[in-house]
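Chemist:
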Amino acid sequence: MARSTVNDICTGVKVPTREQMEAFLRMCRREGDAATPYLDAWERVNDSGSGRPRHTRRVREWDPLLLGVHRSIRLPDSEGELPIYVRRDVDDEIRRSLRRGKAGGECFMLLVGDSSVGKTRTAFETLLAEVPNWWLTNPRSHADLEAVAADPGRHTVVWLDEITRVLRNGLTAGIVRALLFADDPVLIVGTMWPGPYRLFRTRPSEDWARDPYENHREVLQLATVVRVDKMPSSDESDRAAVAATTDRRLAKAATSRYGIFRALAAVPALIDHWQNAPDALSQTLVTVAADAARLGAQTPLSLDLLRDAVTGYLTVEERPRATAQAWAVALAYGVTELDGAATMLEPIGSELGVTDSYRVADALVEHIGAARAAAVPPASAWEAYCTHISTDADLFELGVAAEKRMLLQYAERLYRSSDTAESLLALGYLLLRQDRQDEAVASWRGALERELGYLHHLVEDLDAMGWPEIVDELLRFAGVRGEPYVLGQLVDRLDERLQSEQADRLLREAADAGLPGAHVAHVLRHHGPLSVEAEQVLRQAIADGDPSARYLLSRVLTDRGRLDSVEQLWREGIAEGDPEARSRLADLLMRQDREEEIERLWRAGITAREPRAWEQFVDFLREFDRPVEAEQAWRDAADAGFPVSRSVLVQLLVDQRRLSEAEALLRELVNAGEMQAAELAEFLYERDRVDDVEALWRRRLADGHRDAISPLADLLQDQSRTEELERLWRQHIDRLGGVDSLTRLLAAQDRDAEIEPILRQRTTAGDGLARIQLIRRLEGEDRLDAAEQVHREAIAAGREKHMALAMFFKRNGRLEEAEQVFRLAVACGEDSAWWGLVTVVAQRGRIQEAQDLQRHGLNPDGSTALGSTPETETDERNPPHPR
5 MARSTVNDIC TGVKVPTREQ MEAFLRMCRR EGDAATPYLD AWERVNDSGS GRPRHTRRVR
65 EWDPLLLGVH RSIRLPDSEG ELPIYVRRDV DDEIRRSLRR GKAGGECFML LVGDSSVGKT
125 RTAFETLLAE VPNWWLTNPR SHADLEAVAA DPGRHTVVWL DEITRVLRNG LTAGIVRALL
185 FADDPVLIVG TMWPGPYRLF RTRPSEDWAR DPYENHREVL QLATVVRVDK MPSSDESDRA
245 AVAATTDRRL AKAATSRYGI FRALAAVPAL IDHWQNAPDA LSQTLVTVAA DAARLGAQTP
305 LSLDLLRDAV TGYLTVEERP RATAQAWAVA LAYGVTELDG AATMLEPIGS ELGVTDSYRV
365 ADALVEHIGA ARAAAVPPAS AWEAYCTHIS TDADLFELGV AAEKRMLLQY AERLYRSSDT
425 AESLLALGYL LLRQDRQDEA VASWRGALER ELGYLHHLVE DLDAMGWPEI VDELLRFAGV
485 RGEPYVLGQL VDRLDERLQS EQADRLLREA ADAGLPGAHV AHVLRHHGPL SVEAEQVLRQ
545 AIADGDPSAR YLLSRVLTDR GRLDSVEQLW REGIAEGDPE ARSRLADLLM RQDREEEIER
605 LWRAGITARE PRAWEQFVDF LREFDRPVEA EQAWRDAADA GFPVSRSVLV QLLVDQRRLS
665 EAEALLRELV NAGEMQAAEL AEFLYERDRV DDVEALWRRR LADGHRDAIS PLADLLQDQS
725 RTEELERLWR QHIDRLGGVD SLTRLLAAQD RDAEIEPILR QRTTAGDGLA RIQLIRRLEG
785 EDRLDAAEQV HREAIAAGRE KHMALAMFFK RNGRLEEAEQ VFRLAVACGE DSAWWGLVTV
845 VAQRGRIQEA QDLQRHGLNP DGSTALGSTP ETETDERNPP HPR
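Using the working numbering, the first residue of the sequence shown is number 5, and each one after it goes up by one.
#1: By how many angstroms is the C-alpha of Arg859 removed from the C-alpha of Thr868?
#2: Mind checking who Leu342 pairs with in its DSSP beta bridge?
#3: Which complete alpha helix (DSSP H) runs does the stretch 290–323 hold, if anything under 4 residues is left out?
#4: Check this for me: beta carbons of Ala617 and Arg626, under 8 Å apart or not?
#5: Exposed or buried, Leu502, counting other C-beta atoms within 10 Å across all chains shown (16 or more means buried)?
#6: Assuming Gly174 and Leu149 are in contact, meaning their beta carbons sit under 8 Å apart, how far apart are those beta carbons, in whole angstroms?
#7: Alpha carbon to alpha carbon, how far is Glu571 from Val648?
#8: Measuring CA to CA, which of Gly802, Asn816, Ile799 is closest to Leu788?
#9: How would you write the range of the beta strand (DSSP E) that Val364 sits in, first residue to last?
#10: Determine the DSSP secondary structure at Gly532, reduced to helix, strand or coil.
#11: Starting from the C-beta of Pro715, find all residues in its chain whose C-beta is less than 6 Å away, skip the five residues before and the five after it, and write them out in chain order.
#12: Among Asp597, Ala590, Pro583, which residue has its Cα nearest to the Cα of Pro615?
#13: So what's Gly53 in DSSP terms, helix, strand or just coil?
#14: Keeping to the same chain, check which residues put their C-beta closer than 8 Å to that of Gln680; ignore five residues upstream and five downstream.
#15: Would you report the Cα separation of Val246 and Arg92, rounded to the nearest angstrom?
#16: Take Leu436 and list the residues in its own chain whose beta-carbon comes closer than 6 Å to its own, dropping the five residues that flank it on each side.
#17: Could you give the first and the last residue of the continuous alpha helix (DSSP H) run that contains Ile896?
#18: Can you find the residues in the same chain that come closer than 6 Å, C-beta to C-beta, to Ala326, ignoring five residues on each side of it along the sequence?
#19: Which residue's Cα is closest to the Cα of Leu862: Arg586, Trp386, Arg231, Ala330?
#20: Using 10 angstroms around the beta-carbon of Asp597, count the other beta-carbons present and answer buried if the total reaches 16, otherwise exposed.
#21: How many whole angstroms separate the CB atoms of Ala346 and Ala270, which I take to be in contact at a CB cut-off of 8 Å?
#22: With a threshold of 8 Å between beta-carbons, can Gly565 be considered close to chain B, or not?
#23: Could you tell me the distance, in whole angstroms, from the CA atom of Asp591 to the CA atom of Glu601?
#24: Kindly confirm or deny that the stretch 112–122 and the stretch 262–281 touch, where touching means at least three C-beta pairs closer than 8 Å.
#25: Are the beta-carbon atoms belonging to Ile737 and Arg766 less than 8 Å from one another?
#26: Between the stretch 227–241 and the stretch 100–118, do at least 3 Cβ pairs fall closer than 8 Å?
#27: Three-state secondary structure (DSSP) at Phe646?
#28: Which residues in the same chain have their Cβ closer than 8 Å to the Cβ of Ile98, if we skip the five residues on either side of it in sequence?
#29: Helix, strand or coil for Ile352 per DSSP?
#30: If you compare alpha carbons, which of Cys14, Leu29, Val19, Glu134 is closest to Arg62?
#31: Got a sec? Which residues, its chain only, sit under 7 Å from Cys832 by beta carbon, not counting five neighbours each side?
#32: With DSSP as the reference, label Met113 as helix, strand or coil.
#33: Please name the residue or residues paired with Trp163 in a DSSP beta bridge.
#34: Just checking my contact of Ala430 with Pro216 at CB under 8 Å: how many whole Å lie between their CB atoms?
#35: Is any non-hydrogen atom of the ligand SAM found closer than 7 Å to the C-beta of Phe628, if you look at the structure I gave you?
#36: Give every residue of the same chain whose Cβ lies closer than 6 Å to the Cβ of Ala451, excluding the five residues on either side of it in the sequence, and list them in chain order.
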């Protein structure tokens, strides 16, 4: 540690970084528990004066029940709200990722598993073990999310339990990236059910399908996913058995067929209570609530909604028995506490002693949702949603659910009631599908008024769908609202269609209207970029604060050979605080070989404490072959507390041929998770140390790093070590791509007879890629009955959508069966099923019916809507109360 840094710490001149404080304590022989009071004091000093977001406290101070951990079953001698924590098999993987995040790596952990399997408890306990003193913030609204993204603070955990709800509240990929790339490490931890995860990760397959979950998918792609199993492994059961000797709750739960973790959350009691309800209304009331929740209603449901919706679920014989007394009995049955841990319906009230609404238990949403996956709620339910749901996010999700089930009249009403940008965007696509172009454009205008960011995707989609006139109209609308880049895009489109006069008139009118950037664009187009008028208008734009004008003027001046003026322009930009000006000036000076001036330029940036000045200065010194000075500059930056990357130091050591030091630092960084092992492997490869590369990958594989499999396989492949390669893929066949790699290896050796048994074994184990490969193989061999059986078994196990079977039938000319399965897929709300149904009906020669289906959709009873409003009634696809 530099003497100046030690002096600053001892004299209190400035607050050290966390790393500097830890290094100082090690020098003073204060480690472990002895260092804790000093580090706590450091954290208090660092956090004083920096406002923490709402709902924030240290990890160890949080009550896990407030973070979403389910209450546990109670026994007479139970101690504490929660049983002893049973370590899960995934704990080590999660904790490794958390440690990488602590060291500065990106860390967004997403635990995916069914309801009540221990995801939230596992997430909390691993955080408690790794970062008990970090700050955990639990954002509950879009404003909370934006606040924490703008200033996450130091050593922060962002808690996103049930991330589906957080996505609905405005979590975007931009917010996640801001957190992952914050100056100080931020750990993001979330949980999610498998159903929504699959839904959000699946991209719509056909051209006409809009993508309602594009943002959700982009968020999830940033996460490291950890699967949490429903049933305990043998190791977890053994650990639970040991803990059960001191906690009888674990002993009781261990005997349940639902698994120990779900039993602790009273899931068996909930399911039994619902299945064995004393009367139809008591059971159907919960079914109504579960239907609404599985279709997208996340907020509590009012009693009025439940009363209005239940009518269509009951038979004509049961409806007269739904008296006021019967309702009181049904509600009392629904709110009965089971095993001291859960109720089927949780009463919610805005005032003391008053119940306004009810929330159904998550475990029942999952269980009833699986039992009723193909049951379309009756018209009474959809009418109740349209009448009583008021939350925009719920209305949008219910609209999506209605549209997927081809209930277009309800989808339209729900989208219009939501009146948000995303709802109006979805409504526009729905209206266009019904040939209502003018209404679609009006809806999209409404969406763009609320969120102009949708314009880019709309333009791409509509261009691909062949609607250039609508694109032009929307671009004009956005341009009038003051988006200069939109005007340029529209001008380019008009020029491409040889409509230059219209483009000129558009820019002139925009300039006359005073739209931002329009006057500049008009002058550049009319007088040319090299004209005196162009320079004048760009200088005025700079004075007016146009952020892009300085760069445009630099291009104009460069093209005119006035480099002195370009230099002066960028120097003025530096003085005015333009964040790009110093880099632009450095590039100009570099092209003129003005080394000394570049050095002075970057040293001035360092003095001004510009964030990237150190990094750019180090790059400059390396560029001019001054590695020793570059290393010293890096170390000065680190001592000054700048967020410098140690990976840069590795390269600086390599530049100086200090290879042993570089390798030692590389290994340290890889072990700490600050660099990828592939970078160490590349370092070794470049020095022809192939044996060391193999040792690296084998050691990492032994330590549980499954990312070592592919590079080790590549190495074995390059060396033609086929037998070892086969053993490797057989040992790790469950890895993504493992089946494909092994079967290609066997096929290359003409061992085709071994491939199908492997594919069947992996298909039985739930490997979706193996199932696809097996089906293709069977179809290629014309073994269609066997291929169909694989599809049906996968659907029965919940591993495949009905769409796959429908497409199989369609592909093989079995159109009647294809139509039946497409209708079932529509009832399940599967993506793109509606388009499959429309096309197969048309293929069967029923053109008018296909057109009616596309324009009007279906009624809840499965009949073609024809623009009518269905009456409330029970239908065969919707059993009144499945027992």
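Backbone N, C-alpha and C define an ideal beta-carbon position, used for all residues, glycine too.
Modeler: Checking against the coordinates, here is how it stands:
#1: Near 10 Å, if we compare the C-alpha coordinates of Arg859 and Thr868.
#2: In the DSSP secondary-structure assignment, Leu342 is bridged to Ala346.
#3: Within the stretch 290–323, the complete alpha helix (DSSP H) runs of at least 4 residues are 307–314.
#4: In this structure, Ala617 sits away from Arg626, with a CB-CB distance that is not shorter than 8 Å.
#5: It counts as exposed.
#6: Between Leu149 and Gly174 the Cβ distance is about 6 Å, and since that is below 8 Å, they are a contact.
#7: Cα-Cα distance, rounded: 29 Å.
#8: With respect to the C-alpha of Leu788, the residue from Gly802, Asn816, Ile799 having the closest C-alpha is Asn816.
#9: It spans 361–364 - the beta strand (DSSP E) in which Val364 sits, taken as one unbroken run.
#10: The answer is coil: DSSP assigns Gly532 none of H, G, I, E or B.
#11: The residues are Trp701.
#12: For Pro615, the closest alpha carbon among the candidates Asp597, Ala590, Pro583 is that of Pro583.
#13: Low confidence applies here, because Gly53 scores a pLDDT of 42, under 50, leaving its location unreliable and the question unanswered by this model.
#14: Once the five neighbours on either side are set aside, the close Cβ partners of Gln680 are Val674.
#15: Computed Cα separation, rounded: 14 Å.
#16: Excluding sequence neighbours, Leu436 sits near Ala444.
#17: The structure shown does not extend to residue 896, since the chain is modelled only from 5 through 887, so no value can be given for it.
#18: Answer for Ala326: Leu285, listed in chain order.
#19: The shortest C-alpha separation from Leu862 is found at Trp386.
#20: It is exposed - the Cβ of Asp597 has fewer than 16 other Cβ atoms within 10 Å.
#21: Going by Cβ atoms, the distance from Ala346 to Ala270 rounds to 4 Å, so yes, they are a contact pair.
#22: The displayed structure is made up of one protein chain only, and chain B is not part of it.
#23: Straight-line spacing of the CA atoms in Asp591 and Glu601 works out to 11 Å.
#24: By the criterion of at least three beta-carbon pairs nearer than 8 Å, the stretch 112–122 is in contact with the stretch 262–281.
#25: Their beta carbons are under 8 Å apart, which means Ile737 touches Arg766 by this criterion.
#26: In short, these stretches touch, since the Cβ pair count reaches three.
#27: Of the three classes helix, strand and coil, the one that applies to Phe646 here is coil, per DSSP.
#28: Within the same chain, Ile98 has close Cβ partners Met113, Leu115, Thr126, Ala127, Thr130, Val230.
#29: In the three-state DSSP reduction, Ile352 falls in the strand class (E or B).
#30: Of the candidates Cys14, Leu29, Val19, Glu134, the one whose C-alpha sits nearest the C-alpha of Arg62 is Glu134.
#31: Excluding sequence positions up to five before and after Cys832, its CB lies within less than 7 Å of the CB of Ala377, Ala378, His806, all in the same chain and listed in chain order.
#32: Note: Met113 maps to strand in three-state DSSP.
#33: Partner(s): Val193.
#34: Between Pro216 and Ala430 the Cβ distance is about 6 Å, and since that is below 8 Å, they are a contact.
#35: Because no ligand of any kind appears in the structure shown, any question about the ligand SAM cannot be addressed here.
#36: The answer, listed in chain order, is Ala425, Leu428, Leu429, Tyr458.
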